[in-house]
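Participant: Residue numbers (our numbering): 112 to 257.
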Amino acid sequence: MAVSAKIEFDVAAPPSVVMEVLMDIESLPDWSGPHREAEILTEHEDGTPDTVRMVVTAAGISDEQRCNYEWTDTTCEWHLIESNQLSQQHGKYTVTENGDGAHVEFILEVDLKIKLPGLIVKRAQKMAVDTAKKGLTAEAQRRAAD
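1) In whole angstroms, what separates the C-alpha of Pro125 from that of Asn195?
2) Tell me which residue opens and which closes the beta strand (DSSP E) that Ser138 is part of.
3) Measuring only the C-alpha atoms, how far is Glu220 from Ala256?
4) Compute the Euclidean distance between the alpha carbons of Glu188 and Asp161, then round it to the nearest angstrom.
5) Along the chain, where does the beta strand (DSSP E) containing Phe196 start, and where does it finish?
6) Since Val240 contacts Val129 with CB under 8 Å, what's their CB separation in whole angstroms?
7) Could you check whether the Cβ of Glu181 sits closer than 7 Å to any Cβ belonging to chain E?
8) For Lys226, which of Gly202, Ser198 and Ala213 has the nearest alpha-carbon?
9) Checking 7 Å against the spacing of the C-beta atoms, do Glu175 and Val163 come in under that value?
10) Can you tell which of Val122, Ala113 and Gly144 has its C-alpha closest to the C-alpha of Arg253?
11) Just to confirm my understanding: we take Asp222, look at its own chain, exclude 5 residues before and 5 after, and list those with CB closer than 8 Å. What are they?
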């Protein structure tokens, strides 16, 4: 069952700080509630994260995932390599200047291996977009203030 979510929001921090937070994969458990663990397995030649292992808990289901990341100055994009619960996952943050800080667009598309009740899927979807908005915003603004 394929599920997608999208949200756009503004962050009172420079786009470079938002991108810094996204590249700091190992800090994901600090600001993203569903992430229990996150570690960089390999890096691109420029030092940005390439292959990442994560343990994620959403809607009462725990999953270990490996994803490949791609980076530009304004985007963070990932694709699922393997997972216990998902057959497919694609996510992307696009960060642009908005005058007072950053404008962020977040999309997430997942395809589950198992069939879950619609209510649980919707709850997990809401958790993903809430985390993207609230967690990333709080962490970027905290770092910008330091």
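Virtual Cβ for every residue (Gly too), placed ideally from N, Cα, C.
Facilitator: According to the structure shown:
1) Looking up residue 125 in the sequence shown gives position 14. Looking up residue 195 in the sequence shown gives position 84. Roughly 36 Å between the two C-alpha positions.
2) Within the sequence shown, residue 138 is the residue found at index 27, counting from 1. Premise fails: Ser138 is in no beta strand (DSSP E) and is neither H nor E.
3) Taking the first residue of the sequence shown as 1, we reach residue 220 at position 109. Taking the first residue of the sequence shown as 1, we reach residue 256 at position 145. If I take the Cα positions, the gap works out to 32 Å.
4) Position 77 of the sequence shown, counting from 1, holds the residue named residue 188. Position 50 of the sequence shown, counting from 1, holds the residue named residue 161. Glu188 and Asp161 have their C-alpha atoms spaced approximately 10 Å apart.
5) Locating residue 196 in the sequence shown gives position 85, where the first residue counts as 1. Sequence check: residue 196 is Gln here, not Phe. No beta strand (DSSP E) holds Gln196; DSSP gives it neither H nor E.
6) Position 129 of the sequence shown, counted from the first residue, corresponds to residue 240. Position 18 of the sequence shown, counted from the first residue, corresponds to residue 129. The Cβ separation is near 16 Å, so there is no contact.
7) In the structure shown, chain E does not exist; there is a single protein chain.
8) Along the sequence shown, read from residue 1 onward, the residue named residue 226 stands at position 115. Lys226 has its Cα closest to that of Ser198, out of Gly202, Ser198 and Ala213.
9) If you number the sequence shown from 1, residue 175 lands on position 64. If you number the sequence shown from 1, residue 163 lands on position 52. Not closer than 7 Å, so no.
10) Position 142 of the sequence shown, counted from the first residue, corresponds to residue 253. Comparing Cα-Cα distances from Arg253 to each of Val122, Ala113 and Gly144, the minimum goes to Val122.
11) For this step, residue 222 is matched to residue 111 along the sequence shown. Once the five neighbours on either side are set aside, the close Cβ partners of Asp222 are Met112, Ala113, Val114, Leu197, Ser198, Gln199 and Gln200.
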